Amino acid sequence: MTNPADHRSGNRKKHESRNPIQRALIDNFHARAAHLIRRARPRSILDLGCGEGFAISAMLDAGVDASFTGIDLSADAIDFARSRLGDRATLEVADARDLAADGRRFDMVMMLEVLEHIPEPQTILPIVERLTRQHVLFSVPWEPFFCGLNLARGKNVRRLGNDPEHVNHWTRTGFVHFVGRRFRVLDTPMAFPWAMVLAERLSVPDSDLRK
């Protein structure tokens, strides 16, 4: 049953859960992400839609050697992230479109558990492409299993397990195809119940060619 006095975001509730099964799934998710980042070896990483900074914290704790910048539209989420991460990451209340317009660029852009929240998600991919020099790391809930697990534990029953904030739904294969329309897919590790994709730009940015 939902506690009406609990004003934490869904992201915070998920990462602060004491359910041992949920903790194991999240830990595996973070381990898969850290492995892919180490494989790509980026020096700078933008966490687009970083929320309260749980993914950045997990990557740093896993020994990922990169400078992290996290942006989110929620000032409350960024404030919470700053209280947890301190000076281990640069955290900003910002819109990705503004960063792209300013010419900001990072070796890798990661969007973990973000695209399912964005109407017309295909419109964000060109922005991500402008922000990354090479790699991208994406993840979304793997349907129908994600909703099925919610139903099994009595969450969002009236919505058949669907989170009210999720406006997009992908199968694992469907998400790989979605990413592959804009990027070259490199790896799709098993991160159940999430679909995760490591990919890279199809071409080198002009600005990098001139260096």
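Quick note on numbering: this note's numbering labels position 208 of the sequence shown as 208, and the sequence is numbered without any gaps. Cβ atoms here follow ideal geometry from the backbone N, Cα and C, with glycine treated the same way. Predicted model only: the values in this text are computed from it and were never measured.
With a cut-off of 8 Å on the beta carbons, I'd call residue i and residue j a contact; round off their distance for me.
{"i": "Gly53", "j": "Ala81", "result": "3 Å"}
{"i": "Arg88", "j": "Arg105", "result": "With 8 Å as the limit, Arg88 and Arg105 do not qualify as a contact, their Cβ atoms being about 21 Å apart."}
{"i": "Arg182", "j": "Glu129", "result": "6 Å"}
Note down, in chain order, each residue of its chain lying with its Cβ closer than 6 Å to the Cβ of residue i, except the 5 sequence neighbours on either side.
{"i": "Leu198", "result": "Leu36, Leu137, Leu186 and Asp187"}
{"i": "Phe68", "result": "Ile45, Ile56 and Ala89"}
{"i": "Phe29", "result": "Ala191 and Trp194"}
{"i": "Met59", "result": "Ala34"}
For residue i, which residues from the same chain have a beta carbon less than 7 Å from its beta carbon, with the 5 sequence-adjacent residues on both sides left out?
{"i": "Val179", "result": "Phe138, Val185, Val197 and Ala199"}
{"i": "Ala94", "result": "Ile71"}
{"i": "Arg201", "result": "Glu129, Thr132, Gln134 and Phe183"}
Distance check for residue j and residue i, CA to CA, integer angstroms please.
{"i": "Gln22", "j": "Leu99", "result": "34 Å"}
{"i": "Ile118", "j": "Met108", "result": "20 Å"}
{"i": "Gly161", "j": "Glu113", "result": "For Gly161, the predicted structure reports a pLDDT of 49, less than 50, and the residue's modelled location is therefore unreliable. A value from the coordinates is still provided. Distance between the alpha carbons of Gly161 and Glu113 is about 16 Å."}
{"i": "Thr171", "j": "Gly103", "result": "33 Å"}
{"i": "Ala66", "j": "Leu131", "result": "16 Å"}
{"i": "Arg41", "j": "Asp79", "result": "28 Å"}
{"i": "Arg43", "j": "Ala31", "result": "19 Å"}
{"i": "Ala77", "j": "Lys13", "result": "13 Å"}
Ordered along the chain, which non-local residues of its own chain (more than five positions away) have a Cβ less than 8 Å from that of residue i?
{"i": "Met110", "result": "Ala33, Ile37, Ile45, Leu46, Asp47, Leu48, Ala55, Val136, Leu137 and Phe138"}
{"i": "His15", "result": "Ile26, Glu52 and Phe54"}
{"i": "Leu115", "result": "Pro121, Ile124, Phe138, Val140 and Asn168"}
{"i": "Ile127", "result": "Ala96, Arg97 and Ala100"}
Measure from the C-beta of residue i to each C-beta in chain C and report whether the shortest distance is under 9 Å.
{"i": "Thr69", "result": "Absent from the structure is chain C; it holds one protein chain and no more."}
Which whole runs of the beta strand (DSSP E) in the stretch 3 to 67 are 3 residues long or more, in chain order? 44 to 48
Within the stretch 80 to 135, ranges of the alpha helix (DSSP H) (whole runs, at least 4 residues): 96 to 101 and 125 to 131
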